[in-house]
Amino acid sequence: MAKTAKPAFKHIAVLSRSVQGEPMEQAVLVAAFLAEHELKATALYMHDDSVQGRVEAGEFDLVIAVGGDGTVLRAGHWCAPLGIPLLGINEGHFGFLIELEREAWPQVLPRLVSGEYRLEERMLLHVELWRDGKIAGTWEAINEALVGRGRTARPVHLAAHLDGDLLTTYVADGLIIATATGSTAYALAAGGPVLPPTLRNVVLVPVAAHLSMDRAIVLAEGANIRVELQRGEDAVLSVDGQQPVDVQMGDWVELRAGEHSLRFLRFQQAAHFYTRLLRIMDNNPSVGMIDP
Numbered sequence: 328m329a330k331t332a333k334p335a336f337k338h339i340a341v342l343s344r345s346v347q348g349e350p351m352e353q354a355v356l357v358a359a360f361l362a363e364h365e366l367k368a369t370a371l372y373m374h375d376d377s378v379q380g381r382v383e384a385g386e387f388d389l390v391i392a393v394g395g396d397g398t399v400l401r402a403g404h405w406c407a408p409l410g411i412p413l414l415g416i417n418e419g420h421f422g423f424l425i426e427l428e429r430e431a432w433p434q435v436l437p438r439l440v441s442g443e444y445r446l447e448e449r450m451l452l453h454v455e456l457w458r459d460g461k462i463a464g465t466w467e468a469i470n471e472a473l474v475g476r477g478r479t480a481r482p483v484h485l486a487a488h489l490d491g492d493l494l495t496t497y498v499a500d501g502l503i504i505a506t507a508t509g510s511t512a513y514a515l516a517a518g519g520p521v522l523p524p525t526l527r528n529v530v531l532v533p534v535a536a537h538l539s540m541d542r543a544i545v546l547a548e549g550a551n552i553r554v555e556l557q558r559g560e561d562a563v564l565s566v567d568g569q570q571p572v573d574v575q576m577g578d579w580v581e582l583r584a585g586e587h588s589l590r591f592l593r594f595q596q597a598a599h600f601y602t603r604l605l606r607i608m609d610n611n612p613s614v615g616m617i618d619p
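Going by the working numbering, the sequence shown opens with residue 328, and the numbers climb by one from there.
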């Protein structure tokens with residue numbers, strides 16, 4: 328891989344998903360390793376109250392997340408608005424967003440010093456919840472937004488509009504609106520296609536459709552999507568698996584390509600995405616293990 332003509336990083340945050348145990352032990356080892364290579368690095372517990380503010384204040388110019396996909400997602404929400412590159416080291420169970428396994432980083436990280444890496448841009452999804460003609464909430468999604476039923480077992484009726492025109496009405500448990508990055512997350516579990524992660528596309532995937540459109544649809548980057556709740560009780564909106572918010576009758580969710588992109592620091596070639604994906608799926612990792 329050709330060297331990247333970039334100055335050395337001035338301060339690297341190495342974030343652990345836990346305050347003790349193996350993730351923090353690895354974070355401390357990574358920070359010490361980088362210090363040995365004359366790079367300033369600080370190991371931090373990412374759920375400490377001060378860490379998010381330090382990242383968002385621009386104190387760091389590279390973030391290394393030691394954990395699983397949940398750790399990377401959390402750090403990614405902090406990094407994307409500032410364009411701070413993000414590198415994941417696996418201490419979780421799946422690692423769709425991870426670049427390095429825990430046993431590989433000592434051999435690979437020296438390439439950070441020599442500039443033998445690339446930066447990969449990932450599109451985000453801008454999400455707005457509208458109520459009574461006013462914005463009730465905004466989010467930036469790395470993976471997806473879900474509009475669907477909450478505690479009740481009955482399906483919701485969702486009118487999906489594309490660029491101002493009615494596309495279809497879904498009668499389903501929910502509708503996933505995902506980025507290419509999110510195509511290998513909830514969207515894949517619901518039967519959606521795998522998209523190359525750097526594509527700037529949006530995919531609509533219905534969940535358990537009831538006598539309505541049950542196929543995924545891939546839309547262009549410039550698509551403006553509006554999903555309106557027409558019928559349903561206890562409907563919710565959840566962005567990247569975060570705490571759901573209530574959606575009321577007459578509310579709608581507007582979605583479009585976000586203003587920011589998430590920059591992943593990569594050592595592997597682009598084809599590694601597919602080999603890693605298939606290896607994870609073939610190995611059938613532990614079910615029910617959730618990375619905080």
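Every residue gets a Cβ at the ideal spot worked out from N, C-alpha and C, and that includes glycine.
What span of residues does the beta strand (DSSP E) with arginine 458 cover, start to end?
Here the question's residue 458 lines up with position 131 in the sequence shown. Here the beta strand (DSSP E) through arginine 458 covers 445-458.
Using a Cβ distance threshold of 8 Å, determine whether the segment 366-378 contacts the segment 334-345, with at least three qualifying pairs required.
Yes, the segment 366-378 touches the segment 334-345.
Taking Cβ to Cβ, would you say methionine 450 is nearer than 9 Å to asparagine 528?
Along the sequence shown, one-based indexing puts residue 450 at 123. Along the sequence shown, one-based indexing puts residue 528 at 201. Yes, the Cβ-Cβ distance between methionine 450 and asparagine 528 is below 9 Å.
When the Cα of leucine 452 is compared with those of Met576, Gln434, Leu473 and Ile462, which residue comes out closest?
Within the sequence shown, residue 452 is the residue found at index 125, counting from 1. With distances taken between Cα atoms, leucine 452 lies closest to Leu473.
How close, in whole Å, do the beta carbons of valine 554 and alanine 487 come, if the pair is a contact with beta carbons under 8 Å?
Translated into the one-based positions of the sequence shown, residue 554 becomes position 227. Translated into the one-based positions of the sequence shown, residue 487 becomes position 160. Valine 554 to alanine 487, Cβ: 5 Å. Contact.
Pick out whichever of Glu471, Gly410 and Pro482 has its Cα sitting closest to the Cα of leucine 538.
Sequence index remark: in the sequence shown, residue 538 carries index 211 (1-based). Checking every option, the nearest Cα to that of leucine 538 belongs to Pro482.
Going by other Cβ atoms of all chains shown within 10 Å of its Cβ, with 16 needed for buried, is histidine 599 buried or exposed?
Here residue 599 refers to the residue found at position 272 when the sequence shown is read from its first residue. Under this definition histidine 599 is an exposed residue.
Express the C-alpha separation of leucine 592 and arginine 438 in angstroms, rounding to a whole number.
Residue mapping note: residue 438 aligns to position 111 of the sequence shown, counting from 1. Residue mapping note: residue 592 aligns to position 265 of the sequence shown, counting from 1. Approximately 11 Å between the Cα atoms of the pair.
Can you give me the Cβ contacts of proline 408 inside the same chain, cut-off strictly under 7 Å, excluding the 5 residues immediately before and after it?
Indexing the sequence shown from 1 puts residue 408 at position 81. His587, listed in sequence order.
With a cut-off of 8 Å on the beta carbons, I'd call glutamine 595 and glutamate 426 a contact; round off their distance for me.
For the purposes of this step, residue 595 is taken as the residue at position 268 of the sequence shown. For the purposes of this step, residue 426 is taken as the residue at position 99 of the sequence shown. The pair is a contact, with the Cβ atoms about 7 Å apart (cut-off 8 Å).
Taking the continuous alpha helix (DSSP H) assigned at alanine 354, which residues delimit it?
Position 27 of the sequence shown, counted from the first residue, corresponds to residue 354. Unbroken alpha helix (DSSP H) run through alanine 354: 349-363.
Give the straight-line distance between the Cα atoms of threonine 331 and cysteine 406, rounded to the nearest whole angstrom.
Counting from one through the sequence shown, the residue named residue 331 turns up at place 4. Counting from one through the sequence shown, the residue named residue 406 turns up at place 79. Only weak support exists for where threonine 331 lies, its pLDDT of 49 falling under 50; the value from the coordinates is given anyway. Cα-Cα distance, rounded: 20 Å.
Any idea if glutamate 471 is buried or exposed, counting beta-carbon neighbours within 10 angstroms, 16 or more meaning buried?
Counted from its first residue, the sequence shown places residue 471 at position 144. By the 10 Å Cβ count, glutamate 471 comes out buried.
Using a Cβ-Cβ cut-off of 7 Å (strictly less than) and excluding sequence neighbours within five positions of proline 619, which residues of its own chain qualify?
Stepping through the sequence shown from its first residue, residue 619 is reached at position 292. Low local confidence applies: a pLDDT of 48 at proline 619 is under 50, so the model's placement there is unreliable, with the coordinate-based value given in what follows. Contacts found: Arg344 and Gly397.
Just curious, the alpha helix (DSSP H) that threonine 398 is in, first and last residue?
Taking the sequence shown and counting its residues from 1, one reaches residue 398 at position 71. Where threonine 398 is concerned, the enclosing alpha helix (DSSP H) stretches over 396-406.
Which partner residues does threonine 506 have in the DSSP bridge list?
Within the sequence shown, residue 506 is the residue found at index 179, counting from 1. The partner list for threonine 506 (beta bridge, DSSP) reads Val529.
If I follow the unbroken beta strand (DSSP E) through glutamate 471, where does it start and stop?
Here residue 471 refers to the residue found at position 144 of the sequence shown. Its beta strand (DSSP E) spans residues 471-475.
Compute the Euclidean distance between the alpha carbons of arginine 606 and phenylalanine 423, then round it to the nearest angstrom.
Locating residue 606 in the sequence shown gives position 279, where the first residue counts as 1. Locating residue 423 in the sequence shown gives position 96, where the first residue counts as 1. Each residue's Cα considered, the two are about 10 Å apart.
How should arginine 590 be labelled, buried or exposed, when 16 other C-beta atoms within 10 angstroms of its C-beta is the threshold for buried?
Residue numbering aside, residue 590 sits at position 263 when the sequence shown is read from its first letter. Buried: at least 16 other Cβ atoms inside 10 Å.
Can the beta-carbon of leucine 485 be found closer than 9 Å to that of glycine 501?
By one-based count along the sequence shown, residue 485 stands at place 158. By one-based count along the sequence shown, residue 501 stands at place 174. Yes; because the gap between Cβ atoms is below 9 Å, this pair is in contact.
Are leucine 413 and glycine 403 closer than 9 Å when you measure CB to CB?
As a working note, residue 413 is residue 86 in the sequence shown. As a working note, residue 403 is residue 76 in the sequence shown. Yes, the Cβ-Cβ distance between leucine 413 and glycine 403 is below 9 Å.
Which runs of the beta strand (DSSP E) at least 3 residues long sit entirely within the segment 519-572? Give them in chain order.
You should have 529-534, 544-546, 552-558 and 562-566.
Aspartate 492 bridges to which residues according to DSSP?
Here residue 492 is taken as the residue at index 165 of the sequence shown, counted from 1. Paired residues: Leu489.
Can you tell which of Gln557, Val566, Ala536 and Pro571 has the C-alpha that lies nearest to the C-alpha of tryptophan 579?
The residue you call residue 579 lines up with position 252 of the sequence shown. Residue Gln557 is the option with its Cα nearest to tryptophan 579.
Over the uninterrupted alpha helix (DSSP H) stretch that includes glutamate 383, give me the two end residues.
Working through the sequence shown from its first residue, we reach residue 383 at position 56. Segment 378-383, the alpha helix (DSSP H) holding glutamate 383.
Helix, strand or coil, according to DSSP, for valine 440 in the structure here?
For the purposes of this step, residue 440 is taken as the residue at position 113 of the sequence shown. In the structure shown, valine 440 sits in a helix (DSSP, three-state: H, G or I).
How is leucine 605 classed by DSSP in three states: helix, strand or coil?
Taking the sequence shown and counting its residues from 1, the one referred to as residue 605 is at position 278. It is helical.
Counting only the same chain and skipping the five closest in sequence on each side, list residues whose C-beta sits under 6 Å from that of lysine 337.
Residue numbering aside, residue 337 sits at position 10 when the sequence shown is read from its first letter. Contacts found: Asp388.
Suppose contacts are defined by Cβ-Cβ distances below 9 Å. Is alanine 505 in contact with glycine 518 by that definition?
For the purposes of this step, residue 505 is taken as residue 178 along the sequence shown, with counting starting at 1. For the purposes of this step, residue 518 is taken as residue 191 along the sequence shown, with counting starting at 1. Not in contact: alanine 505 and glycine 518 (Cβ atoms no closer than 9 Å).
Any idea what DSSP makes of threonine 511, helix, strand or coil?
What you label residue 511 is simply residue 184 of the sequence shown in a count that begins at 1. Three-state result, threonine 511: helix.
From the DSSP output, in three-state form, read off valine 346 for me.
Taking the sequence shown and counting its residues from 1, one reaches residue 346 at position 19. The answer is coil: DSSP assigns valine 346 none of H, G, I, E or B.
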